[in-house]
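Numbering (full-length UniProt numbering), first residue to last: 1 to 70. Note that beta-carbon positions come from the ideal geometry of N, C-alpha and C, so glycine has one too. One structure below.
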């Protein structure tokens with residue numbers, strides 16, 4: 001299993017994928033908001049989304065697992 005993690009602390013603003021969806025390397029999968037800036041989170045590898053571990057509005061810390069890929 002591969003994990004997509006938060007690159008910095010922030011609030012989940014939007015989620016662009018869901019369980020079962022394929023993602024490719026470089027694909028934007030989630031948007032964080034931190035200090036009034038929007039930070040796109042991209043997948044570093046391709047795979048199938050097994051679990052989205054966050055919901056819109058959740059606060060996450062740097063390094064937190066956001067999405068698990070198969």
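Would you kindly report the start and end of the unbroken beta strand (DSSP E) that includes residue i?
i, result
"residue 36", "Note, residue 36: premise wrong, no beta strand (DSSP E); not H, not E."
"residue 10", "10-15"
Could you have a look at residue i and say whether DSSP puts it in helix, strand or coil?
i, result
"residue 45", "coil"
"residue 29", "strand"
I'd like to confirm the pairing. Which residues does DSSP put opposite residue i in its beta bridges?
i, result
"residue 2", "69"
Can you tell me whether residue i is buried or exposed, with buried defined as 16 or more other CB within 10 angstroms of its CB?
i, result
"residue 24", "exposed"
"residue 56", "exposed"
"residue 47", "buried"
"residue 29", "buried"
Is any beta-carbon of chain C found at less than 7 Å from that of residue i?
i, result
"residue 15", "Looking for chain C here will not work: only one protein chain is present."
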